[in-house]
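For the sequence shown, UniProt numbering assigns the number 1 to the initial residue and increments by one for each residue that follows. Where a beta carbon is used, it is the ideal one built from N, C-alpha and C, also for glycine. Below is one structure, written out as structure tokens; comments come after it.
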Amino acid sequence: MKKTFASDNYSGVHPEVMEALLRANTAHAGSYGADEYTDRAIAKFKEYLGNDIEVFFAYNGTGANVLGLSALTRSFNSIICSDLAHINVDESTAPEKFLGSKLITIPTKDGKIYPHEIQNKIQRVDDQHHPQAKVISISQSTEYGTVYTIDEVKAISEVAKKNNLFLHMDGSRIANAAASLSKDFASFTRDAGVDVLSFGGTKNGMMFGEAIVFFNPEPAQYFKYIRKQGMQLHSKMRFISAQFEALLSNDLWKRNASHSNRMAKLLEAELKSASVQITRPVDANGIFAMLPPEVIPALQQEHYFYVWDEKTSEVRLMCSFDTTEDEVKSFGNALRRLLK
Numbered sequence: 001m002k003k004t005f006a007s008d009n010y011s012g013v014h015p016e017v018m019e020a021l022l023r024a025n026t027a028h029a030g031s032y033g034a035d036e037y038t039d040r041a042i043a044k045f046k047e048y049l050g051n052d053i054e055v056f057f058a059y060n061g062t063g064a065n066v067l068g069l070s071a072l073t074r075s076f077n078s079i080i081c082s083d084l085a086h087i088n089v090d091e092s093t094a095p096e097k098f099l100g101s102k103l104i105t106i107p108t109k110d111g112k113i114y115p116h117e118i119q120n121k122i123q124r125v126d127d128q129h130h131p132q133a134k135v136i137s138i139s140q141s142t143e144y145g146t147v148y149t150i151d152e153v154k155a156i157s158e159v160a161k162k163n164n165l166f167l168h169m170d171g172s173r174i175a176n177a178a179a180s181l182s183k184d185f186a187s188f189t190r191d192a193g194v195d196v197l198s199f200g201g202t203k204n205g206m207m208f209g210e211a212i213v214f215f216n217p218e219p220a221q222y223f224k225y226i227r228k229q230g231m232q233l234h235s236k237m238r239f240i241s242a243q244f245e246a247l248l249s250n251d252l253w254k255r256n257a258s259h260s261n262r263m264a265k266l267l268e269a270e271l272k273s274a275s276v277q278i279t280r281p282v283d284a285n286g287i288f289a290m291l292p293p294e295v296i297p298a299l300q301q302e303h304y305f306y307v308w309d310e311k312t313s314e315v316r317l318m319c320s321f322d323t324t325e326d327e328v329k330s331f332g333n334a335l336r337r338l339l340k
């Protein structure tokens, strides 16, 4: 398949990550995380996020989110999130099925949710007839490609603490957020009051693998059992761990994310040059724009992408670590040609 703007999940594996996988594919190593690769990968996470964290690896983002949330909730609880949150619109009914909790959604125009909106959803506390709010879940970067500032995360954390709630962050594109903010991971996670983080690797050059990071030790206490019960304990853990060790070494995560963010900015410029309306701020590696419906099928034949909203012809264009300037320019040229 030719390279596309459909998703950063479409990209392959970064060569440095593939080399790490090949190096791990020698001799025998302990299973279920009892290996030197896992020890080194966890040490890398601690370099970035602090020595007192707990880190657990999982196969995929849905597993990381659902299991991380399961450590924070009971079946009578509710989770407050954006109506666009991945846990609400792109993880089927996995959260509801495995958590038993209710998702309380907030409509959003920019992908973010704000303190006053969250506070309004914390209702009927201690009422046995009503689900009890226990978690606020935010995405960084958001499903609209926008990025929460450090102050915005801190403000949400203050609401969580005031109401005895946990703050969960879905960081499937956390590297893109960090590159956009020009800040280290800790500044907008642990230092901003996040309790549990899903740290994504697949969308930033890994073959597979995500991490669940606990900044709050209490919910991590029994997580090794939760991960096993949730079918996310990888027997050959070294093949996840080796990838994370590579991603967090030599600034590979930053190089990949900064490149995909920069390609998004170039693509935004190409769209603007064609007088196309950009509908959301381009903070990270995603662009949302309105295209005339009559040009979409022909353009998709040359550069595949997804239509985000069929009613309005809003499309989503995603850049990856391997997106090239030539591909961006080719998209712009094709768009201008079709719009004539």
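Beta-bridge pairing by DSSP links GLN277 to MET290.
Checking the DSSP bridge columns, you'll see ASP8 has no partner listed. Three or more beta-carbon pairs separated by less than 8 Å are not found between the stretch 285–298 and the stretch 41–56, which leaves the two stretches without contact. Around the beta carbon of MET237, 16 or more other beta carbons sit within 10 angstroms, so the residue counts as buried.
For the set GLU327, GLU210 and TYR306, the Cα lying nearest the Cα of PHE45 is the one of GLU210. Residue state for ILE53 is assigned as coil, using DSSP reduced to three classes. Within the DSSP secondary-structure output, GLU314 pairs in a beta bridge with MET290 and ASP309.
Within the same chain, and ignoring the five residues on either side of CYS319 in sequence, the residues whose Cβ sits closer than 6 Å to its Cβ are SER260, MET263, ALA264 and ASN285. Distance between PHE331 and LEU99, taken at the CA atoms: about 42 Å. At the C-beta level, SER157 and ALA133 stay beyond 8 Å of one another. One alpha carbon belongs to TYR306, the other to GLN300, and they sit about 8 Å apart.
At a Cβ-Cβ threshold of 8 Å, ILE87 and SER137 count as neighbours.
A Cβ-Cβ distance of about 5 Å is found for the pair ASN204 and ASN256, placing them in contact under the 8 Å criterion. Cβ neighbours of PHE188 within its own chain (closer than 6 Å, five residues either side excluded): ILE150 and VAL153. Counting only the Cα atoms, VAL125 lies some 55 Å from ARG336.
By the Cβ criterion, the stretch 215–230 is not in contact with the stretch 3–11, since fewer than three pairs of Cβ atoms, one from each stretch, lie closer than 8 Å.
Contact between VAL135 and LEU69 holds, with the beta-carbon distance rounding to 6 Å and staying under 8 Å. Per DSSP, the unbroken beta strand (DSSP E) holding GLY171 starts and ends at 166–171.
Here the alpha carbon of ASP184 sits roughly 15 Å from the alpha carbon of VAL213. Counting only the Cα atoms, GLU19 lies some 35 Å from VAL89. The C-alpha of LEU72 is placed about 28 Å away from the C-alpha of ASP35.
In this structure TRP308 is not in contact with GLU302, their Cβ atoms being roughly 19 Å apart against a cut-off of 8 Å. Taken in chain order, the complete beta strand (DSSP E) segments of 3 or more residues contained in the stretch 161–249 are 166–171, 196–200 and 210–214. Beta bridge pairing from DSSP links ILE118 with no other residue. Cα atoms of ILE118 and LEU267: separation of roughly 34 Å, rounded to the nearest angstrom. When rounded, the separation of the alpha-carbon atoms in ALA178 and GLY171 is 10 Å.
By the 16-neighbour rule on beta-carbons within 10 angstroms, HIS234 is buried. Between LEU247 and MET206, the C-beta gap is smaller than 8 Å, which places the two residues in contact. Scanning the stretch 85–117 for uninterrupted alpha helix (DSSP H) segments of 4 residues or longer gives 86–89 and 94–99, listed from N- to C-terminal end. Cβ-Cβ distances below 7 Å link THR108 to SER82, ASP83 and LEU84 in the same chain, with the five nearest sequence neighbours on each side left out; the list follows chain order. Rounded to whole angstroms, the gap between the alpha carbons of GLU270 and TRP253 is 26 Å.
Assigned with DSSP and collapsed to three states, SER157 falls in helix. CA-CA distance, LYS112 to TYR148, rounds to 7 Å.
When the beta-carbon positions are compared, TYR48 and ALA186 come within less than 8 Å of each other. By the criterion of a C-beta distance shorter than 7 Å, ASP283 is surrounded in its chain by SER141, GLY145, THR146, VAL147 and SER180, once the five residues flanking it on both sides are discounted.
For MET231, the closest of SER182, ALA94 and GLU327 by C-alpha to C-alpha distance is ALA94.
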